[in-house]
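Asker:
There are 4 protein chains.
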Amino acid sequence: MFFSIDPSDGLAIYDQIVRQVKFAVAGGAIRPGEMVPSVRELAKELAINPNTVARAYRELQSQGVLAAVRGTGLEVAEGAPRHCRSQRVELIRARLRQVLCEAKQSRLDPDEIRRLVEHELTAVEKQKV
Amino acid sequence: MFFSIDPSDGLAIYDQIVRQVKFAVAGGAIRPGEMVPSVRELAKELAINPNTVARAYRELQSQGVLAAVRGTGLEVAEGAPRHCRSQRVELIRARLRQVLCEAKQSRLDPDEIRRLVEHELTAVEKQKV
Amino acid sequence: MFFSIDPSDGLAIYDQIVRQVKFAVAGGAIRPGEMVPSVRELAKELAINPNTVARAYRELQSQGVLAAVRGTGLEVAEGAPRHCRSQRVELIRARLRQVLCEAKQSRLDPDEIRRLVEHELTAVEKQKV
Amino acid sequence: MFFSIDPSDGLAIYDQIVRQVKFAVAGGAIRPGEMVPSVRELAKELAINPNTVARAYRELQSQGVLAAVRGTGLEVAEGAPRHCRSQRVELIRARLRQVLCEAKQSRLDPDEIRRLVEHELTAVEKQKV
DNA sequence: GTGGTCTAGACCACC
DNA sequence: GTGGTCTAGACCACG
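Protein chains in written order, with the numbering used here: chain A, 1 to 129; chain B, 1001 to 1129; chain C, 2001 to 2129; chain D, 3001 to 3129.
Here's what the structure looks like:
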């Protein structure tokens, strides 16, 4: 799978998983009816504890993104893509706002911020084409 | 003082204080030799526990940003502004990279990201002129 | 057959089957010597895994409600109706007590509980006449 | 506190706690602004693992029943009583319906069910006046 | 002291 | 094999 976690992100690991699953669903990388990796499988792949994955998946179930198929695993729920797409921008926006707010507090010039954004944007783009 | 904390920021409160003090020093809002608010004063103003402020100040002392003046309080250290200015961009850049990386993972179009940045930038600008 | 399962019941599926078979035997819907549906047949009808049905039947055999007829299937055992009738009220009573106990804890007025019971009773009656 | 759990209830322990807290809030036993027992305290009292209590409390937070007071504990949220009162009847009704449905399947006469309800109701009433 | 997160490993129900 | 629940115990941030 295409998930990756960064322990130094600041966000809790389970929350990183929640966000990434939502992004994957929003972007169509996983479609309704498709199964997500099993708890144990993903835990092994990310080298984290199964409970942490389970917690992320539980959260996603309670938000209606995933649905349990008894004894089989978890699949992407029917209306999830629409739901996730609408959340996607908000999830990004919230974190972006924090950073920009901080940038402003640090008295960085808006143009300097824009330059910074452009610089990082191209850096991130190249990162893995 | 011009500090403000956001409990839902994800960052620890003491860390928000550390960063804001650095930004204030970097931007010249507080100059070497000037005193920062006392632990109690700032704690009262931000409605948080004095221990949390104390911890932030301790951190800033150990980084050489603040210096204790016996019996008086804490002042901005001599070489602090230069030190903080050099950190400033990096602190922002690190968080910005995380967000942009996430935005990319969510398959948001770079142009859409730019639009988002512009939108939030103006929002933050207006926030408190 | 007249069995139906509710995945959100809280009770395990195999247990729901066990109880319903007992009720059917207690009520005379299935009589001693009659065959119950085959594991596969019932599993297909209820859209559940055959293992789950098998487990319920195993449980019923060990309690003497069903008896294996070699090469043919499972039939209702000889003394089963009497046995099941005596259990029937207790099975219901146990769960009823839980609910009423909870209702009391929630400070629902006894009369309101009675009204609730009546309401649900008529609702259940109409459900499938 | 007035919480008690029953391992043989069928419901998960954390769910029993969730329900009981809601009932306590709905009934006014705990009012907005009041603290619930700490995770460790309640865990000790109920002789269960703190994680199980924490999970229940987390669930209640995400439903807006409880709110965290940083470093202090969890308090009943502002609008919680109204919210819980409206849920209360539904929570009871759902379980009641299951039992009555089962009672009907077992071909118990409605009047016999009523007698059973009355009997258990008075039994529960006396239980602890 | 408080809750939050994570790890480790157990047992259960179901497929 | 799957997820769900629970236990046990660790570390962290905050008051």
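Cβ atoms here follow ideal geometry from the backbone N, Cα and C, with glycine treated the same way.
1) A68/A lies in the beta strand (DSSP E); which residues open and close that run?
2) Tell me where the alpha helix (DSSP H) around L74/A begins and ends.
3) Can you tell me whether S3106/D is buried or exposed, with buried defined as 16 or more other CB within 10 angstroms of its CB?
4) For A2103/C, which of P3110/D, R3085/D and E3102/D has the nearest alpha-carbon?
5) If you draw a straight line from the alpha carbon of Q2127/C to that of R3097/D, how long is it in whole angstroms?
6) Of all the options N49/A, E59/A and G33/A, which has the alpha carbon lying nearest to the alpha carbon of Q20/A?
7) Report the CB separation of A43/A from N49/A in whole angstroms; it is logged as a contact under 8 Å.
8) Less than 8 Å separating the beta-carbons of V1065/B and V1099/B?
9) Rounded to whole angstroms, what is the Cα-Cα separation between E2041/C and A2012/C?
10) V1039/B and V1053/B look like a contact to me (Cβ under 8 Å); what is the Cβ gap, rounded to whole Å?
11) Note down, in chain order, every chain C residue with its Cβ under 7 Å from the Cβ of I3113/D.
12) What's the C-alpha gap between Q1087/B and H83/A?
13) Grab me the residues of G73/A's own chain with a C-beta within less than 8 Å of its C-beta, minus the 5 sequence neighbours each way, in chain order.
14) Got a sec: does the ligand SAM put a non-hydrogen atom nearer than 7 Å to the Cβ of Q2127/C?
15) Let me see if you follow: with CB-CB separation under 8 Å, is Q3020/D close to chain C or not?
16) Between the C-alpha atoms of C3101/D and Q61/A, what's the straight-line distance to the nearest angstrom?
17) Does A2080/C pass the burial test, meaning 16 or more other C-beta atoms within 10 Å, or should it be called exposed?
18) Is Q105/A close to chain B, meaning its C-beta is less than 8 Å from at least one C-beta of that chain?
19) Looking at the secondary structure, which residues open and close the alpha helix (DSSP H) in which D3111/D lies?
Answerer: Looking at the coordinates:
1) L66 to V69
2) Here L74/A belongs to no alpha helix (DSSP H); instead the beta strand (DSSP E) covers G73 to V76.
3) Flag for S3106/D reads buried.
4) R3085/D
5) So the two alpha carbons sit approximately 11 Å from each other.
6) E59/A
7) The pair is a contact, with the Cβ atoms about 6 Å apart (cut-off 8 Å).
8) Cβ distance not < 8 Å, so V1065/B and V1099/B don't count as in contact.
9) 20 Å
10) That belief holds up - the Cβ atoms of V1039/B and V1053/B are roughly 5 Å apart, short of 8 Å.
11) L2121
12) So the two alpha carbons sit approximately 39 Å from each other.
13) M35, V36 and S38
14) Ligands displayed in this structure: none; no statement on the ligand SAM is therefore possible.
15) yes
16) 28 Å
17) Here A2080/C is buried, its C-beta having at least 16 other C-beta atoms within 10 Å.
18) Yes, contact with chain B.
19) P3110 to K3126
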